[in-house]
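Notes to accompany the following structure.
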Amino acid sequence: MSTLTALPSNVPVILTQTLNEFVAQQVAEHELADETAYFEKLAEAEHQRKIRDYYEQEVLRGLNSGPSIPFTPDFWDNIREEVAQRLQAQQVEKTA
């Protein structure tokens, strides 16, 4: 059994023959340039999954944080106003 670790791109990764064949098959099926492109695709997919999981948890935390609030036009106007105020305050802090 092999262990795959993050290595510099010039260091080869040793895989079992079965895994090596699988990677070669994936490269061909997805019309990728080479094995490096496959591993980059895997890393990017994992990164996107973690981002999605983070935002999903934040949404759930928000949903469980208190009573429901109707999303009326006034609600969205208030949100936009608050965002504008925060952005303006950040700009003032940067110039100070």
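For the sequence shown, counting from 1, position 44 maps to 44 in the working numbering; every step adds exactly one.
Even for Gly, the Cβ is constructed at its ideal location relative to N, Cα and C.
Determine the burial state of residue i: buried for a count of at least 16 other Cβ atoms within 10 Å of its Cβ, exposed for fewer.
i	result
Tyr55	exposed
Consult DSSP for residue i and reduce its assignment to one of helix, strand or coil.
i	result
Gly62	helix
Leu19	helix
Glu31	coil
Phe153	The structure shown has nothing for residue 153, since the chain only spans 1 to 96.
Thr72	coil
Ala96	coil
Val83	helix
Ile14	coil
Is there a Cβ from chain B that is less than 8 Å from the Cβ of residue i?
i	result
Glu31	The structure shown contains no chain B; it holds only a single protein chain.
With distance defined between alpha-carbon atoms, name the residue in the options nearest to residue i.
i	options	result
Lys41	His30, Leu87 and Val13	His30
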